[in-house]
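A short worksheet on the structure shown next.
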Amino acid sequence: MDTKGNNKLAMTEGVKTLFMTVPSAAARRYLFQFPNCVSHQLQKLAQTRSDLRIVFLVVKKDYDRYKPFLTLFPSERVTVEPIEISYERTLVQKLFRFFYSYLLYTNTTKILATMGMRPDEPPAGGNRFLAPVKWLLANTFGRSIFIRKKLAPWLYFKINPERPFAEAFEKYQPDVVFLSSIYDRFDSRLIPEAKRRSVKTIAMQASWDHIDKYYMPFQADIFIAHSEQIRRAAIKFQSYKPESAVVTGYPHFDYFTSSESLVPREKVLAELGLSNDARYILYVSGSSYCPDEPDIIDTMLKWVSENKFGEDIYIILRPYLGSRSKDRDFDVWRYKELKSHPRLRVFEKRGLEDFNDTAMFINIMRHSSIVMSVYSTVVLESVVFDRPLLTAPFDGYKKRPFYRSIKRFEGFEHFQDVIKSGGLRRAFNFGELKEAIRAYLENPQLDREGRERMRKELCYKLDGRSSERMVEVILRELF
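Okay, structure coming up:
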């Protein structure tokens, strides 16, 4: 059922209404894409429970694209509601956002404020000189719980009178709001409306690296953390009380660990155009974040072409999945010559619209001999399969200053636990990289204890029930 019909259920007595956002591709992957995901479980419940109604909130421009997978299990108690929203801000609103964002200043914030993410762009949008101001805000106003939890929300309401979600709240009278990606700008505009109306909120972050970047002026009543690591970060950085942060596990890992997800190795090799005797290194690109990757990949291709690690060794390149067109254009340009190399395969299927592409990439990870990336979420995903993990945090054949070097990414807060685990081998030059590849190909069991620590500490339970635990939290708050 969509909003073009009547809304006879708007005020039905005894029916509990859940708002659930679908703001981004990352949230889709966690909650909406895989078989028996959180969205599927909730839709099935709405089919059988007359006391439950679900309203999926989507950006209006995404309505036609998102509606099919939000109504896989048809029910008059499932609605997809498009929201017209503008993200334009006045100067005062921009200044206030600056103020509350930098009530937090972590190592991650410092890197973003002083060095930036992309070597081709100035740090902090060219405002590097503001880094001391950001530090000062965090170490004065940011130390006050009153300012963080009372004054900042109060000022938000005064300075941001726009209420793009007010009509939807009036129409459906939700009992609980589930924010699928609390750091997405769509969700960050929704939570103030819920707070104005004292509607219960449940939130999660849809990206591993968001919680330590900047401060949010509103805390959900329940924060769903995917791991103990994220729970600790929510308490430490975002002023959550320990009792309000609940660990459920990564919901999409349920599919990773299921027998349903398994594609035989021979079929994966055939998809890649490789023989059954082939082995491969999966290299997940960082795109323009890591502009010197072509040096590293080109050198690795020379090694495998010369059979330095044995015969039938290949490199599978996964381009960066970022949404910015300049990243995709950058990848096309820099890998144009490499793509024709006989020992390289490029897996370009994005998998955002076609689930089969996503499933194939999961199995490319599963059957790889080594997974290489530069401090990305793929490290967590690959460790689910106990794949040897390798990163090359150096700038190819270039000598970049530290503030422009890929080495700066090692300082990110969320990655410290990965480094400490011992489950990720780091190569800081070509000699170390060559030796690490040789060692892992000869003995995939190396660093296995470190990878097991990563699974326990950073992935929580890999028991196939993370989505179920999340649904249980939602139902507990509803009923």
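When we follow our numbering, the leftmost residue of the sequence shown carries the number 6, and every step to the right adds one. Glycine included, C-beta positions come from ideal geometry on N, C-alpha and C. Just so we're clear, the structure is a prediction, and the values are computed from it rather than from any experiment.
Would you report the Cα separation of LEU480 and SER310, rounded to the nearest angstrom? 56 Å
With a cut-off of 8 Å, do at least 3 Cβ pairs link the region 115-125 to the region 64-72? no
Can you tell me which of PHE151, LEU349, LEU109 and ARG430 puts its alpha carbon nearest to the alpha carbon of VAL384? ARG430
Contact between the region 270-284 and the region 384-399 is defined here as three or more beta-carbon pairs at a separation below 8 Å; is this criterion met? no
Cβ-based neighbour list, GLU265, same chain, cut-off 8 Å, excluding 5 preceding and 5 following: PRO40
Option in ARG392, ARG460 and PRO449 with minimal Cα separation from ASP422: ARG460
For the pair the region 19-28 and the region 174-189, tell me if three or more CB-CB distances fall below 8 Å. yes
Do the region 201-212 and the region 78-85 meet, that is, are 3 or more Cβ pairs less than 8 Å apart? no
Please list, in chain order, all residues of the same chain as GLY416 whose beta carbon is under 8 Å from its beta carbon, the five residues on each side excluded. ASN112, THR113, LYS115 and ILE116
Rounded distance between the beta-carbons of PRO197 and PHE162, thought under 8 Å: 7 Å
Which complete alpha helix (DSSP H) runs does the region 433-478 hold, if anything under 4 residues is left out? 435-447 and 453-463
Just reading off the alpha helix (DSSP H) that ARG348 is part of, what are its end residues? Where ARG348 is concerned, there is no enclosing alpha helix (DSSP H), given that its DSSP letter is neither H nor E.
So what's ILE229 in DSSP terms, helix, strand or just coil? strand
Are the C-beta atoms of ILE235 and some chain C residue less than 8 Å apart? Note that chain C does not occur in the displayed structure, where there is just one protein chain.
Answer yes if the region 254-269 comes into contact with the region 359-378, meaning at least three C-beta pairs across the two stretches below 8 Å, and no otherwise. yes
In three-state DSSP terms, what is PRO137? helix
Count the C-beta pairs between the region 467-475 and the region 438-454 that are closer than 8 Å, then say yes if the count reaches three, no if not. no
To the nearest angstrom, report how far apart ILE150 and SER244 are at their CA atoms. 8 Å
Scan the region 75-135 and note each continuous beta strand (DSSP E) run of 3 residues or more that stays entirely inside, going in chain order. 83-88
Assign PHE484 to one of two classes, buried (16 or more other C-beta atoms within 10 Å of its C-beta) or exposed (fewer than that). exposed
State the CB to CB distance for the pair ALA250 and PHE228, rounded to an integer number of angstroms; the pair is presumed to be in contact (CB under 8 Å). 5 Å
Ends of the alpha helix (DSSP H) at MET365? 360-371
When you compare each of SER426, ILE301 and TYR71 to PRO28 by their alpha carbons, which one comes out closest? TYR71
Cα-Cα separation between LEU100 and ALA225, rounded to whole angstroms: 24 Å
Could you give the residue range of the alpha helix (DSSP H) that holds PHE162? 157-164
Whole angstroms are fine: how far does the CA of PRO87 sit from the CA of GLU437? 52 Å
So, is THR95 buried or exposed, given that buried needs 16 or more other C-beta atoms within 10 angstroms? exposed
According to DSSP, ARG284 sits in a beta bridge with which residue or residues? ILE318
ILE187 versus PHE74: straight-line alpha-carbon distance, rounded: 21 Å
Given PHE170, which residues of its chain have a CB within under 6 Å of its CB, disregarding the five upstream and five downstream residues? LEU195 and GLU198
Compute the distance between the beta-carbons of PHE261 and GLN38, then report whether it is under 8 Å. no
Whole-angstrom distance between SER193 and ARG102, CA atom to CA atom: 11 Å
Own chain, CB closer than 8 Å to ASN434, minus 5 neighbours either side, in chain order: PHE399
Using only CA atoms, which one of VAL478, GLU440 and TYR220 lies nearest to PHE314? GLU440
Candidates THR363, LEU322 and TYR35: closest to LYS344 by CA position: LEU322
Kindly provide the ranges of any alpha helix (DSSP H) runs that are 4 or more residues long and lie completely inside the region 205-264, ordered along the chain. 233-243 and 258-261
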